[in-house]
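Take a look at the structure set out below.
In UniProt numbering, the protein residues as written are 1 to 838.
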């Protein structure tokens, strides 16, 4: 361990530190929380004069809905390990904190309390901030931000206007999920089992004019750039994003609808199976279904459409659900063979996918086959895959094979047939090659108050007029309270006449502000840029500071954000790149997702009565115990069942660490090379292993290795060379530094007891001496009939023959054999010898 002029020459306990027999984790916590507040040890250095390499450690920022909970405890402990490790390695670390502070929970709380949402929001922020300071993440508090501050959302509006100028923000009518209780649109993932995940109300489908971001324009780049993330992001997250984008190649095919002038275009990935199309399906909620429905089918169709409006997209796409639908009384013409095929409306086709209609080929698509069997529609095999007839088995055959029953395609394989049919369609003007995406443009409008106002003015003469940059931010009115915010079917801002009625910036005539606010995902799609220069006033961020700090080196947070938040953040980054504001295309170099904290195998919730209160756990056990218990319970990505966690064991372990530091008697600066070699080997092996384990995110195993070092040090004090041995000091200081990643309060107290100057977080990561990593002896276990009878200290390079000779010469082995012969000796040098008696 290095020394410097700040080192206090001391041995034993230090003034102000607790004696060995009086370790109180809560007292230690209170003491160091106050001292760290004075030191401000984790502030990132902006100066170019600082020669250190920069690292950016980012945690997904919290929403202020009450105090911190057990999930926060795990997530922020994990991110803090990474940041503290980088501090110890000598990097200039940016580890900021802020709050994602707009959102519906604050608005609902304000309605209930008859107050402005800001009051509830900022009170909760202060509560969480105090809890964070107690929990001791290594945050740079000088960069704190809140997305509901006008100083922040001014730039959210500025970015919206830049998107608008580039044609990436636009307004259109479309089908949306509508919660009749919360009176706002919902994203697909906010609909569970057809109900609003927040309030449980049955969700409806409505047609509304909304604002969208044209994320589909970046679909190919969002897919292609994932190559940069392979091996750095969890593979399951990349798979989820690829599936969400859902790029597929195939053909657009035109079907004539009897009685309709314009043909209907459908997208298919298998145009080779056109001859097998035996019916046509339109999304029940698509305008086309309403348009072409025959009069005699109208009543049945409208009842069915009402039923479908209450279903979520996830439910509609499920392969487990029984197929439903209604015949529309109309027919389409198959363009390749002229057959009349019936048109049905169903919920398993989405209005937003492709063109809202599909050709159904039941022999080779399972959902089409299920539908055909339900309603008695024909099944025609057109690809010979060698499998049994789907009409008999009920199992579709979507694989490759030779085309049959397909006219000019007969005998061709899949690839040849696709190429041929596209050529035929293009020559006849009936279709063309096409690419389709599951991804749809991002709906960003929300009909609620507590969000970032959309900076557009609607003028009867000029149309949509952007708010001039010099008039930003468009701030929320501060005179609205609970009753004013109650859901009314439109945004509460629409009724705030003093706010909504303005003059047009172009013509000066009477106009109205857009009364919708933005989805809070917009706020969280760029906040990590703002952290690089949170007080910057000339733009959303200082481009030069972003260049120095970004992309983010390590992003930590829940896998529940694996799709939308991360996808939207990636989209924003690519747009900013195209605007020339950043020189990279992916915002987060590495991603680490943590599991959930559960109890007795179930997710915690107030409604089920199995909630574990973080504040109570900290009050009972102390912060270090909670952090250590979280991190020791398993790999970060696994769920933690608090019922299986042992805070008591962690308390005892930290007490042992404290006692070792208090009892260490060798003076600061004592040469460890003069100390006990055996203990030094354990110390340096621990340094080497913990370094590797931390970099691999195997924090639980790293803690286990520190525990082993603590046990070895305890033995050295009690029955070895004693507390005055320089190797004991080396081990004790190593324990303090390594432990500072996981239990910072105890580590800091131990560091002071060892005569060192705070903060331990800046002590510097110890280096393992390669010479001490070479094992001179290893322990070989000798078994007789499967039972351990002796342990031999041998050379790591011992031969199997020599090891067998030593084992058979052991007096303990001879006694265990009791004169019996030996049938077999199994040797695995240098670790084990197993002797099987005759």
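C-beta atoms are modelled at their ideal positions from N, C-alpha and C, and glycine is treated no differently.
If you draw a straight line from the Cα of residue 424 to the Cα of residue 434, it is about 15 Å long.
In this structure, the straight-line span from the alpha carbon of residue 829 to that of residue 837 is close to 20 Å.
For residue 422, there is no enclosing beta strand (DSSP E); the enclosing alpha helix (DSSP H) covers residues 414 to 428. Taking a contact as a CB-CB distance under 8 Å, the pair residue 443 and residue 244 does not count as one, their CB atoms being some 15 Å apart.
Unbroken beta strand (DSSP E) stretches of 3 residues or longer found wholly inside the segment 315 to 355: 325 to 333, 340 to 346, given in chain order. Within 10 angstroms of the beta-carbon of residue 627 lie 16 or more other beta-carbons, which makes it buried. Burial is judged here by how many other beta carbons sit within 10 angstroms of a residue's own beta carbon; residue 177 has at least 16 and is buried.
In this chain, residue 171 is not harboured by any alpha helix (DSSP H); it is covered by the beta strand (DSSP E) spanning 169 to 179. With a threshold of 16 other beta carbon atoms within 10 Å, residue 446 meets it and is buried.
Scanning its chain for C-beta atoms nearer than 6 Å, with the 5 sequence neighbours on each side dropped, one finds around residue 661 the residues 732, 750, 753, 754, in chain order.
With fewer than 16 other Cβ atoms from the protein chains shown falling within 10 Å of its own Cβ, residue 479 counts as exposed. Taken through DSSP and simplified to helix, strand or coil, residue 757 comes out as coil. Contact check for residue 515 and residue 533: beta-carbon distance about 32 Å, past the 8 Å limit, so the pair fails to qualify.
For residue 286, the secondary structure class from DSSP, reduced to helix, strand or coil, is coil. Non-local beta-carbon contacts of residue 87 in its own chain, meaning distances under 6 Å to residues more than five positions away in sequence, involve 93, 761 in chain order.
Remark: C-beta atoms of residue 288 and residue 308 do not approach each other more closely than 9 Å.
Residue 632 has its alpha-carbon roughly 11 Å from the corresponding atom of residue 638.
Residue 554 has 57 as its beta-bridge partners, per DSSP.
DSSP places residue 719 outside any beta strand (DSSP E); the residue lies instead in the alpha helix (DSSP H), whose first and last residues are 699 to 719.
Going by beta carbons, residue 35 and residue 724 fall outside the 9 Å limit.
In this structure, residue 600 lies away from residue 237, with their beta-carbon atoms at least 9 Å apart. One thing to note: residue 536 has its Cβ no nearer than 9 Å to the Cβ of residue 61. In this structure, DSSP gives residue 531 a state outside helix and strand, which the three-state scheme calls coil. A residue is called buried once 16 or more other Cβ atoms fall within 10 Å of its Cβ, and residue 744 is buried on that count. Residue 270 counts as buried, since at least 16 other C-beta atoms from the protein chains shown sit within 10 angstroms of its C-beta. Judged by DSSP in its simplified three-state form, residue 812 adopts helix. Between residue 513 and the set 400, 126, 459, 799, the nearest pair of CA atoms involves 459. CA-CA distance, residue 485 to residue 474, rounds to 18 Å. Exclusion of the five residues before and after residue 410 leaves 403, 404 as the residues of its chain whose Cβ lies within less than 7 Å of its Cβ. With fewer than 16 other Cβ atoms inside 10 Å of its own Cβ, residue 497 counts as exposed. Contact between the segment 126 to 143 and the segment 500 to 512 is absent: fewer than three C-beta pairs spanning the two stretches fall below 8 Å. The closest CA to that of residue 216, considering only 440, 585, 224, is found on 440. In this structure, DSSP gives residue 547 a helical state, which the three-state scheme calls helix.
In summary, residue 552 is buried, with 16 or more beta-carbon neighbours lying within 10 Å of its beta-carbon over all protein chains present. 9 Å or more divides the Cβ of residue 824 from the Cβ of residue 782. Residue environment analysis places residue 337 among the exposed positions, since fewer than 16 neighbouring C-beta atoms fall within 10 angstroms of its C-beta.
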